[in-house]
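S.K.: In the order they appear, the protein sequences are chains A and B.
Numbered by this note's numbering, the letters in the first sequence go through residues 4 to 83 in order.
Numbered by this note's numbering, the letters in the second sequence go through residues 37 to 188 in order.
I'd like to ask you about the structure that follows.
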Amino acid sequence: MKVRFYGKLAGFFGSEREIATGTPCTVAELRERLAMEYPEGAESLQHKRVRACIGDELAEDHAVIPEGAVLEFLAPVSGG
Amino acid sequence: MTVYAHLEEHCLDPAAELENLMRKTSGDGAVVSFVGLVRDFSHGDQKVERLILEHHPRLTVASLEKIASDAVSRFNVSHVRLVHRCGDIGPREPIVFAAAASAHRRAAFEAADYLMDRLKTEAVFWKREEGPSGSSWIEPTEADYADRNRWE
Chain A
4 MKVRFYGKLA GFFGSEREIA TGTPCTVAEL RERLAMEYPE GAESLQHKRV
54 RACIGDELAE DHAVIPEGAV LEFLAPVSGG
Chain B
37 MTVYAHLEEH CLDPAAELEN LMRKTSGDGA VVSFVGLVRD FSHGDQKVER
87 LILEHHPRLT VASLEKIASD AVSRFNVSHV RLVHRCGDIG PREPIVFAAA
137 ASAHRRAAFE AADYLMDRLK TEAVFWKREE GPSGSSWIEP TEADYADRNR
187 WE
């Protein structure tokens with residue numbers, strides 16, 4: 004599965020990463036796995052204001068990531 | 037009624053944006069505009085040499101359009117014009133232009149205030165300040181979220 008990272012998350016995980024998952028997993032499961040594999044980015048990834056998106060739509064933690072989907076993690080946003 | 041939201045990659049000219057809005061204001065009695073500038077110094081009194089505004093290829097424009105159209109729906113305004121920079125921006129350069137026109141002033145003031153509170157916490161950008169001591173990410177403060185929540 005392709006996972007993209009934005010904002011400061013890209014500094015920890017890179018802009019894009021291919022993650023091999025044997026079985027379908029939820030957003031929360033993937034987040035936990037990434038946090039374990041990349042502990043330096045764990046706190047930022049698990050921040051309450053980080054959003055996960057699939058197909059440009061907000062994906063809740065319990066959402067199962069469809070096969071072939073691109074998951075995007077958005078660090079807290081700020082304009083203005 | 038018009039709603040205009042634009043992501044500007046190169047140069048934001050607030051005077052030109054205001055002029056463009058003013059040309060549409062037949063029948064209106066008020067125009068309120070806000071221009072946000074890149075500060076020379078960050079909160080920690082660190083010198084800021086560049087502000088980098090990263091954006092998402094689709095969600096950023098969608099967020100600007102949503103915020104602008106919500107302002108028109110919520111307030112009794114005739115026009116909203118919202119232009120936001122992205123990319124590499126220098127100190128004192130404009131980063132955002134947010135304006136509203138209305139028959140009477142209150143609605144335009146409130147709409148401009150609302151636009152900025154939403155932008156600070158919901159517009160899909162990631163800001164990074166660069167200076168002599170390196171770069172640091174700028175995220176909304178709790179005060180920014182509290183300002184946003186005033187409109188709930």
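C-beta: ideal position from N, C-alpha, C; glycine also.
Pick from P79/A, D59/A, A72/A: whose alpha carbon is nearest that of C28/A?
M.R.: Ranking the options by Cα distance to C28/A, first place goes to A72/A.
S.K.: So, does the stretch 104 to 123 of chain B touch the stretch 139 to 148 of chain B, judging by three or more C-beta pairs under 8 Å?
M.R.: They touch, by the three-pair rule.
S.K.: Give a yes or no on whether 7 Å exceeds the smallest Cβ distance from G58/A to chain B.
M.R.: No, because no Cβ of chain B sits closer than 7 Å to the Cβ of G58/A.
S.K.: In its own chain, which residues sit with a C-beta less than 6 Å from the C-beta of E85/B, not counting the 5 before and 5 after it?
M.R.: Answer for E85/B: E166, G167, listed in chain order.
S.K.: Run down chain A in chain order and give the residues with a C-beta less than 8 Å from the C-beta of A159/B.
M.R.: Result: V80, S81, G82, G83.
S.K.: Give the list of continuous beta strand (DSSP E) stretches no shorter than 3 residues that lie fully inside the stretch 108 to 170 of chain B.
M.R.: Listed in chain order, they are 113 to 121, 123 to 125, 130 to 138, 161 to 167.
S.K.: Against chain B, with Cβ distances strictly below 7 Å, would G17/A count as a contact?
M.R.: Not one chain B Cβ lies under 7 Å of G17/A.
S.K.: My understanding is that V68/B touches A179/B, with C-beta atoms under 8 Å, so please give their C-beta distance in whole angstroms.
M.R.: About 22 Å; that fails the 8 Å criterion.
S.K.: Please list, in chain order, the chain B residues whose beta carbon lies closer than 9 Å to that of G10/A.
M.R.: Chain B residues near G10/A: E90, F161, W162, K163, R164, W173, E175.
S.K.: Just the chain A side, please: which residues come within less than 9 Å of L155/B by C-beta, in chain order?
M.R.: Within chain A, the residues near L155/B are S81, G82, G83.
S.K.: On the three-state DSSP scale, how would you describe Y181/B?
M.R.: Helix at Y181/B.
S.K.: Report yes if the CB atom of I103/B is closer than 7 Å to the CB atom of R164/B, and no otherwise.
M.R.: Going by C-beta atoms, I103/B is not nearer than 7 Å to R164/B.
S.K.: So, are the CB atoms of R7/A and E75/A less than 7 Å apart?
M.R.: Result yes, Cβ atoms of R7/A and E75/A sit closer than 7 Å.
S.K.: Are the Cβ atoms of E101/B and A41/B separated by less than 7 Å?
M.R.: The answer is yes: Cβ separation under 7 Å.
S.K.: On a CA-only basis, which of E188/B, V119/B, A107/B is nearest E45/B? Give me that one, please.
M.R.: Nearest option by C-alpha distance: V119/B.
S.K.: Tell me which residue opens and which closes the alpha helix (DSSP H) that S69/B is part of.
M.R.: From DSSP, S69/B is part of no alpha helix (DSSP H) but of the beta strand (DSSP E) over 66 to 73.
S.K.: So is H79/B buried or exposed if we call it buried at 16+ other beta carbons inside 10 Å?
M.R.: The residue is exposed, with fewer than 16 neighbouring Cβ atoms inside 10 Å.
S.K.: Would you mind sorting R121/B into buried or exposed? The rule is 16 or more other CB atoms within 10 Å of its CB.
M.R.: So R121/B counts as buried.
S.K.: Could you work out which residues of chain A lie near L120/B, taking near to mean beta carbons separated by less than 9 Å?
M.R.: Note that residue 120/B is His in the sequence shown, not Leu. Under the 9 Å cutoff, chain A gives G82, G83.
S.K.: Name, going along the chain, the residues of the stretch 77 to 106 of chain B whose beta-carbon falls closer than 7 Å to a beta-carbon of chain A.
M.R.: Hits within the stretch, in order: E90, H92, R94, L95.
S.K.: So what's A13/A in DSSP terms, helix, strand or just coil?
M.R.: Of the three classes helix, strand and coil, the one that applies to A13/A here is helix, per DSSP.
S.K.: I need the straight-line Cα distance from G25/A to L33/A, nearest angstrom please.
M.R.: The alpha-carbon atoms of G25/A and L33/A are separated by roughly 12 Å.
S.K.: If you run the structure through DSSP and keep just helix, strand and coil, what is K102/B?
M.R.: Of the three classes helix, strand and coil, the one that applies to K102/B here is helix, per DSSP.
S.K.: Bridge partners of T29/A, per DSSP?
M.R.: According to DSSP, T29/A bridges with V67/A.
S.K.: Helix, strand or coil: which one does DSSP assign to R34/A?
M.R.: Three-state DSSP puts R34/A in a helix.
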